[in-house]
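Student:
In our numbering, the protein residues as written are 1190 to 1446.
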């Protein structure tokens, strides 16, 4: 089993080394680490130069910012590995992540795998790996309809998987990808936190801080379901109302802090 890592980067000079180093430290090394510099205007390209002598690292430059979906797809299209594993520039992997995932990836019918994640460091909250391997479950499609409990840094998919990220979407693109993927195939989830996320979901900073843009992305995601199956016509109004209710709840919660 071999795999390619895809890391989209936009103005990520302060954090990109941590992400790359967590890939280089894998006990099951990657075939390649593809970093897509998505039109950064800071010194990201200079930081990446120090990895130019590291054989697995491949850097692709977008002349202009195209968004995280396009950056991931660019890396995906260039990947040579049997599997592609995604990592965001401000997150990191547990050193044994891919070694632990590998036995599950040998299943010829599996298309998509994810796992849990944590915010604390490995020192603060060590990951204890069961002797028999981690527990597992199939992600329910009903869960994907209502919320996204997964982080993109936990996602591993076959390179020839037919679903791609939607280049039109700059917000909620990960949930959209998972929802469409979960409609077409089972997504296996390992019940072990093998990635660390450094920015909390819906925090004030970063992409997730733009709440209304995130909400519009979610509404678009639901609207796209209408093209999947006619029965979604009856479900979409409820899902859109739920999305707006979540938005109001988040606004109220923030103002109360």
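For every residue, glycine included, the Cβ atom is placed at its ideal position computed from N, Cα and C.
Could you name each continuous beta strand (DSSP E) segment of 3 residues or more that falls completely within the region 1304 to 1346, going from the start of the chain to the end?
Tutor: Runs of the beta strand (DSSP E) inside the region 1304 to 1346: 1325 to 1327.
Student: Compute the distance between the beta-carbons of residue 1270 and residue 1356, then report whether it is under 9 angstroms.
Tutor: No.
Student: Report yes or no: do the region 1348 to 1366 and the region 1263 to 1279 share at least 3 C-beta pairs separated by less than 8 angstroms?
Tutor: Enough Cβ pairs lie closer than 8 angstroms, so yes.
Student: Check whether chain D comes within 9 angstroms of residue 1406, counting only Cβ atoms and requiring the distance to be less than that.
Tutor: Among the chains in the structure shown there is no chain D, since it carries only a single protein chain.
Student: Can you give the beta carbon distance from residue 1272 to residue 1192, rounded, assuming they're within the 8 angstroms contact cut?
Tutor: So it is a contact: roughly 4 angstroms between Cβ atoms.
Student: Less than 7 angstroms between C-beta atoms, sequence neighbours within five positions excluded: which residues of the same chain meet that for residue 1314?
Tutor: The residues are 1307.
Student: Roughly how many whole angstroms lie between the Cα atoms of residue 1384 and residue 1359?
Tutor: If I take the Cα positions, the gap works out to 22 angstroms.
Student: Buried or exposed for residue 1275, please, with buried defined as at least 16 other CB atoms from any protein chain shown within 10 angstroms of its CB.
Tutor: Looking at its Cβ environment, which holds 16 or more other Cβ atoms inside 10 Å, residue 1275 is buried.
Student: Given that a residue counts as buried once 16 or more other Cβ atoms are within 10 Å of its Cβ, and exposed if not, what is residue 1292?
Tutor: Looking at its Cβ environment, which holds fewer than 16 other Cβ atoms inside 10 Å, residue 1292 is exposed.
Student: Please state if the CB of residue 1280 and the CB of residue 1208 are separated by a distance shorter than 9 angstroms.
Tutor: Yes.
Student: Which residues in the same chain have their Cβ closer than 7 angstroms to the Cβ of residue 1330, if we skip the five residues on either side of it in sequence?
Tutor: The answer, listed in chain order, is 1371 and 1372.
Student: Using the C-alpha atoms, what's the distance from residue 1335 back to residue 1239?
Tutor: Their Cα atoms are separated by approximately 42 angstroms.
Student: Closest to residue 1224 by CA distance: which of 1404, 1217, 1422 and 1245 is it?
Tutor: Comparing Cα positions, the closest option is 1245.
Student: Give the single residue among 1317, 1431 and 1231 whose Cα lies nearest to the Cα of residue 1284.
Tutor: Of the listed residues, the one whose Cα sits closest to residue 1284 is 1317.
Student: Between the beta-carbon of residue 1212 and the beta-carbon of residue 1277, is there less than 9 angstroms?
Tutor: Their beta carbons are not under 9 angstroms apart, which means residue 1212 does not touch residue 1277 by this criterion.
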